[in-house]
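Number of protein chains: 2
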Amino acid sequence: MVSIKDVARDAGVSPQTVSNCINNPDIVKPATRELVAASIKRLKYTPNASARRLRMQRSNTIAIGIAPTSRSQVYDRLLHALVTEADARNIRVTLYKTDSHQDEIRQFAALSAQGDVDAFILTDTAHGDPRINWLNEHRQTFVLFGRPWGLDDMYDPSVPWVDVDGRHGIADMAQYLILHGRKHIGFIGWPGLSGTGNDRRMGWQDVMLGARMATEDELDTLSDTAEDEIFSAQIACTRLLERRPDIDAIICVSDTIATGARLALAAGSGDDGIAVSGFDDTATAESMGLNSIAQPLTESARELMRIIQERLDAGPDLQNGVDDCHVLLPPKIIIR
Amino acid sequence: MVSIKDVARDAGVSPQTVSNCINNPDIVKPATRELVAASIKRLKYTPNASARRLRMQRSNTIAIGIAPTSRSQVYDRLLHALVTEADARNIRVTLYKTDSHQDEIRQFAALSAQGDVDAFILTDTAHGDPRINWLNEHRQTFVLFGRPWGLDDMYDPSVPWVDVDGRHGIADMAQYLILHGRKHIGFIGWPGLSGTGNDRRMGWQDVMLGARMATEDELDTLSDTAEDEIFSAQIACTRLLERRPDIDAIICVSDTIATGARLALAAGSGDDGIAVSGFDDTATAESMGLNSIAQPLTESARELMRIIQERLDAGPDLQNGVDDCHVLLPPKIIIR
Numbered sequence: 001m002v003s004i005k006d007v008a009r010d011a012g013v014s015p016q017t018v019s020n021c022i023n024n025p026d027i028v029k030p031a032t033r034e035l036v037a038a039s040i041k042r043l044k045y046t047p048n049a050s051a052r053r054l055r056m057q058r059s060n061t062i063a064i065g066i067a068p069t070s071r072s073q074v075y076d077r078l079l080h081a082l083v084t085e086a087d088a089r090n091i092r093v094t095l096y097k098t099d100s101h102q103d104e105i106r107q108f109a110a111l112s113a114q115g116d117v118d119a120f121i122l123t124d125t126a127h128g129d130p131r132i133n134w135l136n137e138h139r140q141t142f143v144l145f146g147r148p149w150g151l152d153d154m155y156d157p158s159v160p161w162v163d164v165d166g167r168h169g170i171a172d173m174a175q176y177l178i179l180h181g182r183k184h185i186g187f188i189g190w191p192g193l194s195g196t197g198n199d200r201r202m203g204w205q206d207v208m209l210g211a212r213m214a215t216e217d218e219l220d221t222l223s224d225t226a227e228d229e230i231f232s233a234q235i236a237c238t239r240l241l242e243r244r245p246d247i248d249a250i251i252c253v254s255d256t257i258a259t260g261a262r263l264a265l266a267a268g269s270g271d272d273g274i275a276v277s278g279f280d281d282t283a284t285a286e287s288m289g290l291n292s293i294a295q296p297l298t299e300s301a302r303e304l305m306r307i308i309q310e311r312l313d314a315g316p317d318l319q320n321g322v323d324d325c326h327v328l329l330p331p332k333i334i335i336r
Numbered sequence: 001m002v003s004i005k006d007v008a009r010d011a012g013v014s015p016q017t018v019s020n021c022i023n024n025p026d027i028v029k030p031a032t033r034e035l036v037a038a039s040i041k042r043l044k045y046t047p048n049a050s051a052r053r054l055r056m057q058r059s060n061t062i063a064i065g066i067a068p069t070s071r072s073q074v075y076d077r078l079l080h081a082l083v084t085e086a087d088a089r090n091i092r093v094t095l096y097k098t099d100s101h102q103d104e105i106r107q108f109a110a111l112s113a114q115g116d117v118d119a120f121i122l123t124d125t126a127h128g129d130p131r132i133n134w135l136n137e138h139r140q141t142f143v144l145f146g147r148p149w150g151l152d153d154m155y156d157p158s159v160p161w162v163d164v165d166g167r168h169g170i171a172d173m174a175q176y177l178i179l180h181g182r183k184h185i186g187f188i189g190w191p192g193l194s195g196t197g198n199d200r201r202m203g204w205q206d207v208m209l210g211a212r213m214a215t216e217d218e219l220d221t222l223s224d225t226a227e228d229e230i231f232s233a234q235i236a237c238t239r240l241l242e243r244r245p246d247i248d249a250i251i252c253v254s255d256t257i258a259t260g261a262r263l264a265l266a267a268g269s270g271d272d273g274i275a276v277s278g279f280d281d282t283a284t285a286e287s288m289g290l291n292s293i294a295q296p297l298t299e300s301a302r303e304l305m306r307i308i309q310e311r312l313d314a315g316p317d318l319q320n321g322v323d324d325c326h327v328l329l330p331p332k333i334i335i336r
């Protein structure tokens with residue numbers, strides 16, 4: 001690698017003069033500048049990126065957290081799309097390890113104090129997320145992949161996000177099933193208060209009530225919940241079918257739960273004819289022939305990068321004035 | 001963020017003096033140094049990472065390529081393990097986009113010319129890989145996840161690698177199946193000359209010949225090949241069964257091919273009792289109840305980081321003298 005010292009030696013000037021030619025050309029005599037420029041060209045000198053970044057006060061790097069083990073194929077796929085979109089904008093993607101929100105905040109502090117990162121992308125967002133407060137208090141640029149899920153902060157300009165409209169996707173699936181003759185459509189969701197989970201359940205509920213396929217009271221008997229793993233889903237599916245043996249389709253909140261449901265049905269009466277659908281269109285859904293819902297990850301990555309770039313260009317004082325920073329993208333139903 | 005100028009103002013000295021106190025303390029008077037040190041402490045000034053790196057000539061960053069779409073759950077899982085291992089050593093992981101070997105070499109050139117990256121991790125290695133030559137010619141530190149697969153370069157100290165012993169894993173699986181009463185064990189591999197694919201096939205061949213379960217001539221009728229996708233694997237499995245209806249187990253080179261084989265069998269005689277095994281222990285293998293072979297990715301990540309660190313510590317002139325830079329790790333068979 002050619003260094004600033006090599007250029008200085010070649011041009012017969014001091015390294016400080018070369019540095020001035022690059023960073024403060026005004027204070028260097030024109031003749032000296034030309035001499036140094038010729039040496040830079042001859043030696044093919046590339047100013048060190050760390051040096052250049054120091055001048056620009058921009059690292060051209062964004063950071064995204066990654067858990068110690070792969071929890072979701074969707075986040076892994078988003079990473080691929082994100083690197084492609086970032087590369088097109090000459091932006092680097094750096095990863096940091098995250099075990100918990102507190103751990104992640106420690107990483108924000110380190111990465112931002114060192115000026116290594118221009119912006120953060122947050123995933124796995126929840127209501128009252130402490131990461132959002134920290135980033136806003138420390139005037140860091142960020143965008144969520146997922147919604148903040150609070151009544152008060154959903155359209156707050158200081159909390160930009162890109163998300164996929166799960167409610168819309170599940171409603172599309174329910175409508176498709178009804179159009180194809182299914183009448184008693186069950187739902188298996190996640191337990192507890194998950195913003196994403198509740199939103200997806202609403203999609204099923206909207207269509208079931210709207211198409212008069214169920215009354216308000218019936219919704220409870222037609223639905224059940226399971227942790228996001230196969231065994232828990234098998235139990236939930238068996239329980240649901242015992243309660244409602246008339247069920248002819250089951251919409252699940254995830255492909256993992258759909259897999260468990262499919263396995264429970266296969267272990268039961270064999271060819272049951274019950275349509276099972278999941279969410280995320282994973283390799284498993286494809287292998288098992290499950291219907292699913294595909295998230296538009298390339299488009300999501302593009303919108304995340306667009307929002308980051310617009311906010312960085314506006315600067316810390318004006319970034320909350322940037323429009324169009326809450327983007328809900330429609331997913332696509334996949335029928336097998 | 002506190003800057004060097006803030007410290008200078010606070011200490012009543014020039015920014016250059018503050019810089020000298022940090023980078024060339026010898027040339028500053030002790031009294032001035034103490035004054036500046038007190039200001040640094042009072043203002044909680046952290047030297048900018050770009051500035052610090054410039055001095056250290058180390059970016060504390062490693063880079064790994066990532067394809068535009070997720071091709072393998074194994075690489076995605078490795079990424080998680082790698083970030084965890086790197087974090088423990090205070091090393092950053094940055095991603096770059098790669099479409100082809102040539103594209104990747106362009107990325108090497110950019111990342112190394114800018115001094116942004118200390119070392120590279122290469123995946124998807126093949127015999128005569130042009131990336132390896134480029135990195136060695138340009139004296140860059142790197143390590144392969146996968147072997148170079150050349151007779152001449154397998155134990156070349158200038159081509160360090162970490163890999164998982166697929167031959168060993170497949171042989172373990174074949175032995176397990178024979179111990180559990182299987183006699184006619186087929187194999188579905190990849191077509192063409194894949195180092196990894198041939199190595200895995202050798203594991204099956206070793207055991208079949210060693211246990212006298214097949215003659216050399218029989219190996220061809222007991223094996224077939226398929227592209228790494230479900231449909232191609234279904235066809236190969238059907239063809240294999242037509243040729244050898246006595247087959248009672250099929251070992252596949254990947255989980256994707258095992259999935260295709262399982263689907264072909266299910267579409268045939270129903271409960272066939274044929275044991276199907278894959279490779280990589282993906283979520284799909286778990287969902288479909290397939291036997292598989294798990295790669296030790298945490299251990300792989302640890303070895304990759306160890307080799308990089310040892311080579312960086314040795315420096316460019318001595319790094320090829322570092323021992324223990326060819327590591328073959330045993331995988332684990334998973335029986336379901």
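Respectively, the protein sequence lines represent chains A and B. The opening residue of the first sequence carries number 1 in UniProt numbering; numbering runs sequentially from there. The opening residue of the second sequence carries number 1 in UniProt numbering; numbering runs sequentially from there. Note that the Cβ used here is the ideal one computed from N, Cα and C, for glycine as well.
Keeping to the same chain, check which residues put their C-beta closer than 7 Å to that of residue i; ignore five residues upstream and five downstream.
| i | result |
| --- | --- |
| residue 322 of chain A | 310, 311 and 314 |
| residue 182 of chain A | 248, 249 and 275 |
| residue 138 of chain B | 112 |
| residue 263 of chain B | 230 and 234 |
| residue 284 of chain A | 255 and 259 |
Flag residue i as yes if its beta-carbon sits less than 8 Å from any beta-carbon of chain B, otherwise no.
| i | result |
| --- | --- |
| residue 28 of chain A | no |
| residue 113 of chain A | yes |
| residue 25 of chain A | no |
| residue 70 of chain A | yes |
| residue 118 of chain A | no |
| residue 259 of chain A | yes |
| residue 125 of chain A | no |
| residue 46 of chain A | yes |
For the beta strand (DSSP E) that residue i lies in, which residues bound it at each end?
| i | result |
| --- | --- |
| residue 65 of chain B | 61-66 |
| residue 262 of chain B | First-last for residue 262 of chain B: 255-267, but that is the alpha helix (DSSP H), not the beta strand (DSSP E). |
| residue 186 of chain A | 185-189 |
| residue 97 of chain A | 92-97 |
| residue 293 of chain A | 292-294 |
Below 9 Å on C-beta distance, what does residue i contact in chain B?
| i | result |
| --- | --- |
| residue 295 of chain A | Those within 9 Å of residue 295 of chain A in chain B number zero; the least Cβ separation is about 13 Å. |
Tell me which same chain residues have a C-beta within less than 8 Å of the C-beta of residue i, skipping the five on either side of it?
| i | result |
| --- | --- |
| residue 90 of chain B | 60 |
| residue 157 of chain B | 320, 321, 322 and 325 |
| residue 123 of chain B | 64, 65, 75, 78, 144, 145 and 146 |
| residue 83 of chain B | 93 |
| residue 216 of chain A | 209 |
| residue 98 of chain B | 65, 66, 67, 104 and 107 |
| residue 304 of chain B | 82, 85, 121, 143, 145 and 162 |
Between residue i and chain A, is any beta-carbon pair separated by less than 8 Å?
| i | result |
| --- | --- |
| residue 67 of chain B | yes |
| residue 79 of chain B | yes |
| residue 276 of chain B | no |
In chain A, which residues lie with their C-beta within 8 Å of the C-beta of residue i?
| i | result |
| --- | --- |
| residue 230 of chain B | 286 and 287 |
| residue 93 of chain B | 94 and 95 |
| residue 283 of chain B | 73, 256, 282, 283 and 284 |
Identify, in the order they occur along the chain, each residue of the same chain with its Cβ nearer than 6 Å to the Cβ of residue i, setting aside the five sequence neighbours on each side.
| i | result |
| --- | --- |
| residue 45 of chain B | 2 and 7 |
| residue 189 of chain B | 197, 201, 225 and 253 |
| residue 135 of chain A | 142 |
| residue 95 of chain B | 66 |
| residue 160 of chain A | 143, 307 and 325 |
Counting along the chain, where does the alpha helix (DSSP H) carrying residue i start and finish?
| i | result |
| --- | --- |
| residue 204 of chain B | 195-210 |
| residue 237 of chain B | 230-243 |
| residue 214 of chain B | Here residue 214 of chain B belongs to no alpha helix (DSSP H), and DSSP marks it neither H nor E. |
Who are the neighbours of residue i on chain A, taking C-beta pairs under 9 Å?
| i | result |
| --- | --- |
| residue 265 of chain B | Those do not exist, as residue 265 of chain B stays about 14 Å from chain A at its closest Cβ, beyond 9 Å. |
Please confirm whether residue i has its beta-carbon closer than 8 Å to some beta-carbon of chain D.
| i | result |
| --- | --- |
| residue 36 of chain A | Of the protein chains in this structure, namely A and B, none is chain D. |
Can you list the residues of chain A that residue i reaches, using a CB-CB cut of under 7 Å?
| i | result |
| --- | --- |
| residue 159 of chain B | Ordered by position in chain A, no residue passes the 7 Å Cβ test against residue 159 of chain B, which lies about 22 Å from the chain. |
Could you name the residues of chain B that residue i contacts, counting a contact when the two beta carbons are closer than 7 Å?
| i | result |
| --- | --- |
| residue 97 of chain A | 83, 84 and 87 |
| residue 76 of chain A | 70 and 76 |
Is residue i close to the ligand NAP? I mean its beta-carbon at under 7 Å from any heavy atom of the ligand.
| i | result |
| --- | --- |
| residue 327 of chain B | Of ligands this structure carries none, so the ligand NAP is not represented either. |
message = Any contact between the segment 35-48 of chain B and the segment 11-26 of chain B? By contact I mean 3 or more CB pairs, one from each, below 8 Å.
response = yes
(message) Between the segment 126-143 of chain A and the segment 73-87 of chain A, can you find at least three pairs of beta-carbon atoms closer than 8 Å?
(response) no
Determine contact between the segment 172-183 of chain B and the segment 202-209 of chain B, defined as no fewer than three beta-carbon pairs at a distance below 8 Å.
yes
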